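Read top to bottom, the protein sequences are chains A and B.
Going by UniProt numbering, the first residue of the first sequence is number 1, and it counts up by one from there.
Going by UniProt numbering, the first residue of the second sequence is number 1, and it counts up by one from there.
Backbone N, C-alpha and C define an ideal beta-carbon position, used for all residues, glycine too.
Computed from a predicted structure; not experimentally measured.
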Amino acid sequence: MPEKPSLDTIKKIASGDNKFEKRLLSIIRRELPQEIEQLNKNFAAFNYIKAAENVHKLNHKINIFGLEEGSKTAVKFENELRSGNCEMKSEFEAILEEMTRFINTL
Amino acid sequence: MNCIIVDDEELARAIIHQFASINTHISEANEFDSGIAAIKYLNTNPKVDLIFLDIHMPGFNGFDFIQTINSEAKIILTTSDKNFAIQAFEYDAIVDYLVKPITLERFQRAIQKALDKKPIENISETTDEMPISSSSDDLFVNVDRKLIKIDIPTIQVIEAKGDYILIKTEQKNYTVHSTLKKIEDRIQRDYFLKIHRSYIINLKEIVDIKDNSVLISKNIIPISRSKRPELMQRLNLL
Chain A
1 MPEKPSLDTI KKIASGDNKF EKRLLSIIRR ELPQEIEQLN KNFAAFNYIK AAENVHKLNH
61 KINIFGLEEG SKTAVKFENE LRSGNCEMKS EFEAILEEMT RFINTL
Chain B
1 MNCIIVDDEE LARAIIHQFA SINTHISEAN EFDSGIAAIK YLNTNPKVDL IFLDIHMPGF
61 NGFDFIQTIN SEAKIILTTS DKNFAIQAFE YDAIVDYLVK PITLERFQRA IQKALDKKPI
121 ENISETTDEM PISSSSDDLF VNVDRKLIKI DIPTIQVIEA KGDYILIKTE QKNYTVHSTL
181 KKIEDRIQRD YFLKIHRSYI INLKEIVDIK DNSVLISKNI IPISRSKRPE LMQRLNLL
């Protein structure tokens, strides 16, 4: 069964500060689509080095949502992209879709 | 302590800022979304005690930043990548290394390490940021408060980057506050040639020449139309 995003890490970081927790979620809601858009642009331009940088940045949010396997995939995908290989693209996009779905339900 | 947070990701900056606001040892925390913006701030606000620095930033990464700044501040690296830990130990200014997502407990430990670490001696008393020449093939450059020796023949490419130059050698790259003109005067050797307003190359390191560019190691360097005749003249053409 694929892993599901959770708020555990965000709650741990916020340490009971609800206002701060909401602020973090608000930032993710705004930044995540921007970072995905940037990644897609770099894919479209076949700029895999820049795409690898985007994946690296997105990995923080993947970790924030507690997606351990997703993070391992991100690290692997980032390295593959630096070698010019984008075979893991759809696998990585599935993680991003899951995160987007999750953030939209909050 | 006055601190600055340098990270291109707002989420990361927000977390560090929140933790900094809780910590009683930190009085002020300013945020910057790029290394260049932070350097501009440091140039006019030298009294920064601590820098939270993301390694992975587009264009100008954390290590470029460290090699460029002229500051006494201690540095805590922040990154999602554990693989840079070894490289981090090369820099005296770095007191700790935080892997994202950062927890409050780990953040507090890093602050304690910064407090415990004695101030670093300023090795270089000079305010001259130019590369310092010496005899033979040595070139000394001011990097991270140290004078680093570069063996001139190992320089492959020198690239102008605004107020800085990036010196690329086979082993390592160095970002130095200087100009191409200044370094050109210091490294006068028959195997160096300025082939573009932003590039000086080591002719011995050329792998191939194609159209209007040369390949040196993995770097593709443009050749100015006006510089191409001189380049071709200097090559041992069959």
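| query | result |
| --- | --- |
| I need the straight-line Cα distance from VAL99 (chain B) to HIS56 (chain A), nearest angstrom please. | 13 Å |
| If we ignore side chains and look at the alpha-carbon of each, how far apart do ARG228 (chain B) and ASN85 (chain A) end up? | 35 Å |
| For the candidate residues B:VAL157, B:GLU72, B:GLN233 and B:ILE39, whose alpha-carbon lies nearest to that of GLU184 (chain B)? | B:VAL157 |
| Compare the C-beta of PHE92 (chain A) against all C-beta atoms of chain B and say whether one is closer than 8 Å. | no |
| Within the UniProt domain "HTH LytTR-type" (139-237) of chain B, note down every full alpha helix (DSSP H) run reaching 4 residues or more, in order along the chain. | 180-186 and 228-234 |
| Under 8 Å, do ARG30 (chain A) and ALA14 (chain B) count as touching if we go by C-beta distance? | no |
| Mind pulling the beta strand (DSSP E) runs of 3 or more residues that sit fully within the stretch 25-50 of chain B? | 28-32 |
| Using Cβ-Cβ distances below 7 Å, what residues of the stretch 93-114 of chain B are close to chain A? | LYS100, PRO101, THR103 and LEU104 |
| Return the residues of the stretch 5-36 of chain A that lie within a Cβ-Cβ distance of less than 7 Å from chain B, sorted by chain order. | THR9, LYS12, ILE13, SER15, PHE20, ARG23, LEU24, ILE27, ILE28 and GLU31 |
| Please list, in chain order, the chain B residues whose beta carbon lies closer than 8 Å to that of LYS61 (chain A). | LEU11 |
| Residues in its own chain within less than 6 Å of ASP7 (chain B) by CB, not counting five upstream and five downstream? | ARG13 and ASP54 |
| What does a CB cutoff of less than 8 Å around VAL75 (chain A) pick up in its chain, not counting 5 residues either side in sequence? | ASN59 |
| Decide if GLN67 (chain B) is buried, meaning its Cβ has at least 16 other Cβ atoms within 10 Å, or exposed. | buried |
| Starting from GLU53 (chain A), find everything on chain B with Cβ-Cβ shorter than 8 Å and list it in chain order. | HIS56 and PRO58 |
| Closer than 6 Å by C-beta to ILE51 (chain B): which residues in its own chain qualify, once you throw out the five before and the five after it? Chain order, please. | ILE4, ALA73 and ILE75 |
| Helix, strand or coil for PHE52 (chain B) per DSSP? | strand |
| What's the C-alpha gap between LYS4 (chain A) and PRO33 (chain A)? | 19 Å |
| Buried or exposed: where does LYS61 (chain A) fall if 16 or more other Cβ atoms within 10 Å of its Cβ makes it buried? | buried |
| Could you confirm whether any beta carbon from chain A is found closer than 8 Å to the beta carbon of residue 264 (chain B)? | Lying before the first or after the last residue shown, residue 264 (chain B) is absent from chain B, which here runs from 1 to 238. |
| Show which residues of chain A have a CB atom less than 8 Å away from the CB atom of SER34 (chain B). | The premise fails here: SER34 (chain B) is roughly 13 Å from chain A at the closest Cβ pair, so nothing lies under 8 Å. |
| Using a Cβ-Cβ cut-off of 8 Å, state whether ASP81 (chain B) counts as contacting chain A. | yes |
| I'd like the list of long-range same chain contacts for HIS196 (chain B), defined as Cβ closer than 6 Å, with 5 residues on each side in sequence excluded. | PRO222 and SER224 |
| Output needed for TYR199 (chain B): all residues of its chain with C-beta closer than 6 Å, excluding positions within five of it in sequence on either side, in chain order. | GLU159 and ILE221 |
| Looking at chain A, which residues of the stretch 15-26 of chain B have a Cβ within less than 7 Å of any of its Cβ atoms? | ILE15 and GLN18 |
| Confirm, please, whether the CB-CB distance from LEU115 (chain B) to ILE94 (chain B) is below 8 Å. | no |
| Are the Cβ atoms of MET88 (chain A) and GLU97 (chain A) separated by less than 8 Å? | no |
| Whole beta strand (DSSP E) runs in the stretch 56-80 of chain A with 3 or more residues, listed along the chain? | none |
| Please confirm whether ILE64 (chain A) has its beta-carbon closer than 8 Å to some beta-carbon of chain C. | Among the protein chains in the structure shown, which are A and B, there is no chain C. |
| Between LEU147 (chain B) and ILE187 (chain B), what straight-line distance do the alpha-carbon atoms span, to the nearest angstrom? | 17 Å |
| Taking DSSP as the reference, what is the three-state secondary structure of ASN2 (chain B)? | strand |
| Residues bridged to ILE94 (chain B) by DSSP? | B:ILE75 |
| Which runs of the alpha helix (DSSP H) fall wholly inside the stretch 5-52 of chain A and span at least 4 residues, in chain order? | 8-14 and 18-44 |
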